[in-house]
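Chemist:
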Ligand SMILES: *Cc1c(COP(=O)(O)O)cnc(C)c1O
């Protein structure tokens, strides 16, 4: 069976260095807010091209604490509207509702499944204050257009870069386009810790300062509390391990792009719609980190079963859109036709930096041998 994502193989490539880093932390006697975190924050900010990076406990907290910090800074207030893609992972929306802000769900672009400037513009109201852009599946949203629109309407832009570490347009990376960005280092993300971790990147020093305090009981200085904060910190162990993983992120991302291009060129099945075209170049694919390679099919469930039978494990990202979740029962009657259709068609093929060419070919052959029973030629 070709596993969807083999974390054990990914991490065992770096076993010696990870053990060495873990040992260094164990022997240091210092486990929270020390030199490893400081070094990782500096290195990840440099990687993204931002001035600041603040480590937090996970990706959800990165988003939640950024919005909270903007409230504390007086930039937004409860009830303000936040535009967010209707087809995102639920965490993006949890960060909004947790802060008493109002999510405005917007249908994505049909092809890229990301927000786009015209779609955002159509959803603007006098109460819109923030656009939460999600680089879904690792593909950078059209940030030049979105930033221009945000500037024209005086909106804050928060990037959800949880799936897009290292994706960039003309060298400007995810996490360095908006006013701030949230990253997740959940083990299965492209830059994955060996536990939970996350970070906020920004070029706004006041925001970085506020987020850091909010994640540390609302305190900049021990026993002095400016805010009613929470405990959300990135610990020394995860920071030390992430520093190792960060060194290999670009090599891993390159491999993901190669696999994506191999899929795009190798898969030729009219029952399967691909996320990129076969004539993409590696240069143009730099805007995509390929956290996931998501195809669409009218016969998604049959395709998934067929691939399972052929020894290929797949997943669905995501089976139920946020507005149809029990947690958001007041939206269950709302209709988002594109989002709903997409959720019924998407299937994520295995893509990971440790996949061999032979495994990639097995996946391609398996997809190509799927016969669409709806086909009536
Ligand atoms: C993973 C993810 C998150 C949440 O990150 P955690 O570290 O799991 O809290 C948020 N948004 C998106 C798009 C994600 O994929």
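Numbering (the numbering used here), first residue to last: 115 to 491.
From the three backbone atoms N, C-alpha and C, an ideal C-beta is built for every residue, glycine too.
In this text, all values refer to a predicted model and were calculated from it rather than measured experimentally.
Write down the C-beta distance between residue 220 and residue 197 rounded to the nearest angstrom, noting that I regard them as a contact closer than 8 Å.
Modeler: Translated into positions along the chain shown, residue 220 becomes position 106. Translated into positions along the chain shown, residue 197 becomes position 83. Confirmed, about 6 Å.
Chemist: Could you tell me the boundaries of the alpha helix (DSSP H) in which residue 323 lies?
Modeler: By 1-based counting over the chain shown, the position of residue 323 is 209. Unbroken alpha helix (DSSP H) run through residue 323: 319 to 328.
Chemist: Leaving out five residues on either side along the sequence, give the residues of the same chain with a beta carbon under 7 Å from the beta carbon of residue 124.
Modeler: The count along the chain shown starts at 1 and reaches residue 124 at position 10. Cβ neighbours of residue 124 beyond the five flanking positions: 466, 467 and 468.
Chemist: Of all the options 205, 480, 336 and 126, which has the alpha carbon lying nearest to the alpha carbon of residue 425?
Modeler: Start at 1 with the first residue of the chain shown, and residue 425 comes out as number 311. Checking every option, the nearest Cα to that of residue 425 belongs to 480.
Chemist: May I ask you to report which of helix, strand or coil DSSP gives residue 491?
Modeler: Translated into positions along the chain shown, residue 491 becomes position 377. The predicted position of residue 491 is uncertain, since its pLDDT is 44 and thus under 50; no value can be drawn from it.
Chemist: Use the C-beta contact count for residue 279: other C-beta atoms within 10 angstroms, 16 or more gives buried, fewer gives exposed.
Modeler: Position 165 of the chain shown holds residue 279. Buried, by the Cβ-count rule.
Chemist: Candidates 263, 199, 419 and 448: which alpha carbon is nearest residue 251's?
Modeler: Taking the chain shown and counting its residues from 1, the one referred to as residue 251 is at position 137. The shortest Cα separation from residue 251 among 263, 199, 419 and 448 belongs to 199.
Chemist: Cβ of residue 255 within 7 Å of any heavy atom in ligand 1?
Modeler: For the purposes of this step, residue 255 is identified with residue 141 of the chain shown, where counting begins at 1. Outside the cutoff, so no.
Chemist: On the CB-based measure, 16 or more other CB atoms within 10 Å of its CB, does residue 142 come out buried or exposed?
Modeler: Here residue 142 refers to the residue found at position 28 of the chain shown. With fewer than 16 Cβ atoms within 10 Å of its Cβ, residue 142 is classed as exposed.
Chemist: By the 10 Å Cβ neighbour count, where 16 or more other Cβ atoms means buried, how is residue 186 classified, buried or exposed?
Modeler: Counting from one through the chain shown, the residue named residue 186 turns up at place 72. Its Cβ being crowded by 16 or more others within 10 Å, residue 186 is buried.
Chemist: Go through its chain and collect everything with a Cβ distance to residue 234's Cβ below 8 Å, but skip five positions before and after it.
Modeler: Residue numbering aside, residue 234 sits at position 120 when the chain shown is read from its first letter. Contacts found: 197, 220, 245, 260 and 263.
Chemist: Residue range of the alpha helix (DSSP H) that residue 126 falls in?
Modeler: Taking the chain shown and counting its residues from 1, one reaches residue 126 at position 12. Run containing residue 126: 121 to 126, per the alpha helix (DSSP H) assignment.
Chemist: Is residue 303 near ligand 1, with its Cβ less than 7 Å from a heavy atom?
Modeler: Here residue 303 refers to the residue found at position 189 when the chain shown is read from its first residue. Flag set: Cβ of residue 303 near ligand 1.
Chemist: Shorter than 7 Å, the distance from the beta carbon of residue 227 to the closest heavy atom of ligand 1, or not?
Modeler: In the chain shown, the residue the question calls residue 227 occupies position 113. Checking every heavy atom of ligand 1 against the Cβ of residue 227, none is found closer than 7 Å.
Chemist: Of the residues 341, 449, 385 and 355, which one's Cα is nearest the Cα of residue 418?
Modeler: Indexing the chain shown from 1 puts residue 418 at position 304. Cα-wise, what sits closest to residue 418 is 385.
Chemist: How is residue 451 classed by DSSP in three states: helix, strand or coil?
Modeler: Walking along the chain shown from the start, residue 451 turns up at place 337. Note: residue 451 maps to helix in three-state DSSP.
Chemist: So, using beta-carbon positions, are residue 378 and residue 394 closer together than 8 Å?
Modeler: Numbered from its first residue, the chain shown carries residue 378 at position 264. Numbered from its first residue, the chain shown carries residue 394 at position 280. Contact flag set, yes.
Chemist: For my contact list, residue 133 and residue 150 are in at a C-beta cut-off of 8 Å; report their separation, rounded to the angstrom.
Modeler: Indexing the chain shown from 1 puts residue 133 at position 19. Indexing the chain shown from 1 puts residue 150 at position 36. Not really, about 15 Å apart at Cβ, beyond 8 Å.
Chemist: In angstroms with no decimal places, state the Cα-to-Cα distance between residue 354 and residue 290.
Modeler: As a working note, residue 354 is residue 240 in the chain shown. As a working note, residue 290 is residue 176 in the chain shown. Computed Cα separation, rounded: 23 Å.
Chemist: What number of angstroms, rounded off, separates the C-alpha of residue 222 from the C-alpha of residue 256?
Modeler: On the chain shown, position 108 is the one that residue 222 refers to. On the chain shown, position 142 is the one that residue 256 refers to. Roughly 12 Å between the two C-alpha positions.
Chemist: State yes or no: is the C-beta of residue 202 nearer than 7 Å to some heavy atom of ligand 1?
Modeler: In the chain shown, residue 202 corresponds to position 88, counting from 1. Indeed, a heavy atom of ligand 1 lies less than 7 Å from the Cβ.
Chemist: Kindly examine ligand 1 and report whether one of its heavy atoms sits closer than 7 Å to the Cβ of residue 248.
Modeler: As a first step, residue 248 is located in the chain shown; it is residue number 134 there, counting from the start. Residue 248: yes, Cβ under 7 Å from ligand 1.
Chemist: List the endpoints of the continuous alpha helix (DSSP H) containing residue 242.
Modeler: Counting from one through the chain shown, the residue named residue 242 turns up at place 128. Taken as a continuous stretch (DSSP letters only), residue 242 belongs to no alpha helix (DSSP H), being part of the beta strand (DSSP E) at 242 to 248.
Chemist: Please report how far the alpha carbon of residue 491 lies from the alpha carbon of residue 409, in whole angstroms.
Modeler: Taking the chain shown and counting its residues from 1, one reaches residue 491 at position 377. Taking the chain shown and counting its residues from 1, one reaches residue 409 at position 295. Confidence in residue 491 is poor, its pLDDT being 44 and thus under 50, which makes the residue's placement unreliable; the coordinate value appears in the next sentence. Cα-Cα distance, rounded: 23 Å.
Chemist: Short of 8 Å in beta carbon distance, which residues of its chain neighbour residue 258, apart from the five on each side in sequence? Order them along the chain.
Modeler: Reading the chain shown from its first residue, position 144 is the one you call residue 258. Once the five neighbours on either side are set aside, the close Cβ partners of residue 258 are 283.
Chemist: Beta carbon of residue 247, beta carbon of residue 271: below 8 Å?
Modeler: For the purposes of this step, residue 247 is taken as residue 133 along the chain shown, with counting starting at 1. For the purposes of this step, residue 271 is taken as residue 157 along the chain shown, with counting starting at 1. It is a contact, given that the beta carbons lie within the stated cut-off.
Chemist: Helix, strand or coil for residue 390? Go by DSSP, reduced to three states.
Modeler: For the purposes of this step, residue 390 is taken as residue 276 along the chain shown, with counting starting at 1. If DSSP states are grouped into helix, strand and coil, residue 390 belongs with coil.
Chemist: Compare the beta carbon distance of residue 171 and residue 347 with 8 Å and say whether it is the shorter of the two.
Modeler: As a working mapping, residue 171 is identified with position 57 in the chain shown. As a working mapping, residue 347 is identified with position 233 in the chain shown. The answer is yes: Cβ separation under 8 Å.
Chemist: In this structure, what does DSSP give as the bridge partners for residue 401?
Modeler: To locate residue 401, count along the chain shown from 1; it is residue 287. Looking at the DSSP assignment, residue 401 forms no beta bridge with any residue, so it has no partner.
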